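Residue numbers (the working numbering): 18 to 246.
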């Protein structure tokens with residue numbers, strides 16, 4: 018139902034967009050411009066509306082065979098580059114804020130769930146609390162019980178570099194526990210040792226939201242350290 022509603026909104030927006038393109042003589046091939054808009058937004062109404070406005074407000078016309086580069090340049094300039102401060106990128110800023118200060122899930126586990134979607138591309142849905150929250154935020158979309166990042170703009174902004182940096186800011190052992198869990202808790206090389214373990218245990222003193230997976234990881238690290246070097 019949600020997808021159908023998004024598609025209906027998309028059609029409505031683009032139906033109004035084509036006459037404006039023609040009236041302003043912005044493009045001689047409106048359908049090819051729409052093709053590029055959908056390529057970047059994948060039926061995300063608010064992003065489509067924003068991108069259509071950017072196209073209409075741009076000064077130069079879109080020449081034949083230049084639709085792809087023209088739209089891509091606008092996306093990069095106004096939605097991806099410096100997205101934290103661009104007015105046109107407010108939908109991205111809103112998602113970022115909701116990820117960082119989420120009221121329904123621990124942001125660390127929410128982002129770790131997103132990492133699975135980002136890395137797998139078409140991840141089988143397991144209806145976890147974190148996956149449901151990602152769907153609610155609109156960062157991912159579900160089609161035929163499989164999850165993927167909603168669109169290419171989100172993939173470009175909330176990419177692996179951004180994700181790793183954000184995860185590192187939430188847990189001192191973010192990369193280690195992520196890799197350990199990905200190995201089904203079998204890769205002992207990811208367990209914390211020595212000073213890293215000491216720092217992690219000191220960090221936990223001020224935390225009250227660790228879940229059972231973190232407890233298991235820290236216990237396994239401590240037991241592993243008893244074996245010595």
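Note that the Cβ used here is the ideal one computed from N, Cα and C, for glycine as well.
The structure presented is a predicted model; accordingly, all values stated were derived computationally and were not measured.
Is residue 221 helix, strand or coil by DSSP?
-> It is helical.
Contact check, residue 78 vs residue 44 under 8 Å by CB: the rounded distance?
-> Correct: roughly 7 Å between the Cβ atoms.
Is residue 65 closer than 9 Å to residue 30 when the C-beta atoms are compared?
-> A contact, by the Cβ cut-off of 9 Å.
What residues in its chain sit with their C-beta under 6 Å from that of residue 169, if we drop five residues either side in the sequence?
-> Excluding positions up to five away in sequence, the list reads 57.
Residue 266 in three-state terms, based on DSSP = Since the displayed the chain opens at 18 and closes at 246, residue 266 lies outside it and no answer follows.
Helix, strand or coil for residue 46 per DSSP?
-> Three-state DSSP puts residue 46 in coil, outside helix and strand.
Of the listed residues 75, 218 and 122, nearest to residue 146 (C-alpha basis) | Minimum Cα distance to residue 146 is reached at 122.
Out of 99, 83, 81 and 89, state which residue places its alpha-carbon closest to the alpha-carbon of residue 68.
-> The shortest Cα separation from residue 68 among 99, 83, 81 and 89 belongs to 89.
Sort 124, 160 and 150 by Cα distance to residue 138 and report the nearest one.
-> Cα-wise, what sits closest to residue 138 is 160.
Within the same chain, show all residues whose beta-carbon is closer than 7 Å to that of residue 242, passing over the 5 residues directly before and after it, in chain order.
-> Answer for residue 242: 210 and 214, listed in chain order.
Note down the Cα distance separating residue 100 from residue 112, rounded to an integer number of angstroms.
-> The alpha-carbon atoms of residue 100 and residue 112 are separated by roughly 12 Å.
Short check: CB of residue 94 to CB of residue 60, under 9 Å?
-> It is not a contact, given that the beta carbons lie outside the stated cut-off.
Span of the beta strand (DSSP E), counted from its first residue to its last, around residue 169 | Careful: residue 169 lies outside any beta strand (DSSP E), inside the alpha helix (DSSP H) at 169–174.
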